[in-house]
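Protein chains in written order, with this note's numbering: chain A, 1 to 266; chain B, 1001 to 1266. Step one of this worksheet: look at the structure below.
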DNA sequence: CCATTTTGTTTCAGATAGTGAGACGTAGTT
DNA sequence: AACTACGTCTCACTATCTGAAACAAAATGG
């Protein structure tokens, strides 16, 4: 009986409120937030109180608005730093970007989508949170497709169910079938191309980052624009890309915490 | 009766577990985490389950370890982006760093400490999460002191109680009194200097970022080393620093969400 | 100025979800 | 095989969360 789903709990509810506020994208008042959630007013009120008390939300008394709080930034800092991928990949990405003079992305699979962990841009440097933490579609980005392609069949199917198949451009895959077909090819060839499938004029080549046991732990891509390169040009970068991806995979594997002493030694 | 404190709730407990894992700084197993918390084993176990299910933690089945999850990174991305300070300050910081060819920091007050939101480094570019989200002491950094100095008396007192007064260097303030005295001077002069109080050889000049109502909303600093500059040199940068800080303050004020459409248009 | 509406906050009995001592399963050791 | 160490499960207990309804406080408007 009782359908299915559910199984949240107070913590789940609180976190979903955070997500909702994040998706709205600006500070919100209680009533504005209310229709976006499925909770009655007093419940939502209490959740907001709790989260505010925990610094997960910031409350502006003047405007009576809630926005995402600083504790998140602090925690994410730690998360990024102690992730077994991002900090390790950093020097490799630096080197690759410098050598090829192109934009390099590092991503990780998150619920069928590509979550960008790092970005190196040869020309205009510096991207902070504005890039890291961003999510892109799995079915029409280079890193997305390559990570999907190297997934175990079962996980791949799960992930495929979560794709939106929105046609951003004429080249975007719009069905599971056509995507699946390309994924098989990608798995064989070892690299994925984004042929303006997400944004017109933007192309890229992407490789998987694999663990020793061949599990996908991330994706690495070199991005360019059609006015600067062709897909064939990108293909030439494949050796560099693959060796960097391999290097990162090995580093991530062999490392596994050399007890880096960041933490809060404040 | 019953002493005082408490007042957590399930959410608070769950979040404190996140903090604990963050402070440990590497993936942990259940038993390793256990002594760091005040929860009995089955309770902690369930909290970990919940957080893992929510992607706030990542679980490595091979090693049976938990580490901070990707959802944090996603949320922090949103938090950074929709904060009324960091994204707005970005171009100003870029310009300042470029003009002066120095390292520039943007920080915000977080529980008496300086939480770094952004950093621009003239020489070696790029600092991602490795910098943003980092916290530094309030009593012995330029941004920290300047933000404390411009606080309302009451909030200042609260914040002062939270200072550790650890003597990082011979120049570090080690008492509330000596710090308080300097804070008064800072409030008058409008800028704070860090005279190697946190790290030997590192000096900086910092200015507050103020809202229209003169509330401190952040701190901005220009950092250098004693081998490159003297405090007097930094003093010469004061006009540039102040005008940038003012510019950021005004931008943050006038803006207040022009309904930027980031969100997750994935 | 008071009436009206909207939004934020509090109450409280009832329902749920969290709690943790203890038992149990499962590796890994000796 | 006995032992140890750790992860997982059970279950009666109860702390916590729930949300309709009432209330308070602003904002609105006539």
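Ideal Cβ placement from N, Cα and C applies to all residues, glycine included.
(1) Could you compute how far the alpha carbon of residue 192/A sits from the alpha carbon of residue 1055/B?
(2) Would you tell me roughly how many angstroms separate the C-alpha atoms of residue 1202/B and residue 1227/B, rounded to the nearest one?
(3) Where DSSP assigns a beta bridge to residue 1116/B, which residues make up the other side?
(4) Measure from the alpha carbon of residue 173/A to the alpha carbon of each residue in 139/A, 9/A and 121/A, then state which is nearest.
(5) Would DSSP call residue 121/A helix, strand or coil?
(6) Measuring straight from C-alpha to C-alpha, what distance separates residue 1145/B and residue 1183/B?
(7) Taking residue 1183/B as the query, report the chain A residues whose CB atoms sit under 8 Å from its CB, ordered along the chain.
(8) Can you determine whether any heavy atom of the ligand GTP sits closer than 7 Å to the C-beta of residue 1217/B, and answer yes or no?
(9) Looking at the C-beta of residue 1240/B, does it have a partner C-beta in chain A at a distance below 8 Å?
(10) Evaluate residue 1204/B with the Cβ neighbour count: other Cβ atoms within 10 Å of its Cβ, from every protein chain shown; 16 or more gives buried, anything less gives exposed.
(11) Which residues, in order along the region 74-86 of chain A, keep a beta-carbon less than 9 Å from a beta-carbon of chain B?
(12) Round the Cβ separation of residue 1219/B and residue 1104/B to the nearest angstrom and send it over; I've been treating them as touching at under 8 Å.
(13) Since residue 1015/B meets chain A, which of its residues come closer than 8 Å, beta carbon to beta carbon?
(14) Which value, in whole angstroms, describes the spacing of the CA atoms of residue 96/A and residue 186/A?
(15) Rounded to whole angstroms, what's the CA-CA distance from residue 66/A to residue 1080/B? Just pull it up for me.
(16) With respect to the alpha helix (DSSP H) encompassing residue 144/A, which residues constitute its N-terminal and C-terminal limits?
(17) Residue 1010/B versus chain A: which residues are under 8 Å apart at the beta carbon?
(18) For a contact meaning CB atoms closer than 8 Å, what does residue 1108/B contact in chain A?
(19) Determine the chain A residues that contact residue 1148/B at a beta-carbon separation under 7 Å, and present them in chain order.
(20) At 3 residues or longer, what runs of the beta strand (DSSP E) sit wholly inside the region 55-97 of chain A?
(21) Taking the C-alpha atoms as reference points, what is the distance between residue 32/A and residue 44/A?
(22) Beta-carbon of residue 1067/B versus every beta-carbon of chain A: anything under 8 Å?
(23) Given this structure, state the Cα-to-Cα distance separating residue 1233/B from residue 1011/B, to the nearest angstrom.
(24) Looking only at its chain, what residues have a beta carbon closer than 7 Å to the beta carbon of residue 1159/B, apart from the 5 residues adjacent to it on each side?
(25) Are there 16 or more other CB atoms within 10 angstroms of the CB of residue 119/A, so buried, or fewer, so exposed?
Once the coordinates are examined:
(1) Answer to the nearest angstrom: the Cα atoms are 27 Å apart.
(2) Spanning the two alpha carbons is a distance of roughly 9 Å.
(3) Answer is 1107/B.
(4) Checked all of 139/A, 9/A and 121/A; the closest Cα to residue 173/A is 139/A.
(5) For residue 121/A, the secondary structure class from DSSP, reduced to helix, strand or coil, is coil.
(6) Between the alpha carbons of residue 1145/B and residue 1183/B lies a distance of about 7 Å.
(7) What residue 1183/B touches in chain A: nothing, since even the nearest Cβ is about 19 Å away.
(8) This structure simply doesn't include the ligand GTP, nor any ligand for that matter.
(9) No, no contact with chain A.
(10) The residue is buried, with at least 16 neighbouring Cβ atoms inside 10 Å.
(11) Of all residues in the region 74-86 of chain A, 74, 75, 76, 77, 78, 79, 80, 81, 82, 83, 84 and 86 have a Cβ within less than 9 Å of some Cβ in chain B.
(12) Between the beta-carbon of residue 1219/B and that of residue 1104/B there is about 11 Å, and that puts the pair past the 8 Å contact cut.
(13) The answer, in chain order, is 54, 56 and 71.
(14) Using only the alpha carbons, I get a separation of about 22 Å.
(15) C-alpha separation (whole angstroms): 14 Å.
(16) 142-149 is the extent of the alpha helix (DSSP H) around residue 144/A.
(17) Chain A residues near residue 1010/B: 9, 10 and 11.
(18) Within chain A, the residues near residue 1108/B are 70.
(19) Correct list: empty, because the minimum Cβ distance to chain A is about 15 Å.
(20) The qualifying runs are 57-60 and 65-68.
(21) Roughly 11 Å separates the two Cα atoms.
(22) Yes, because at least one Cβ of chain A sits closer than 8 Å to the Cβ of residue 1067/B.
(23) Spanning the two alpha carbons is a distance of roughly 49 Å.
(24) Its chain contains 1112, 1138, 1148 and 1151 as the residues whose beta carbon lies nearer than 7 Å to that of residue 1159/B, once the 5 sequence neighbours on both sides are disregarded; these appear in chain order.
(25) With 16 or more Cβ atoms within 10 Å of its Cβ, residue 119/A is classed as buried.
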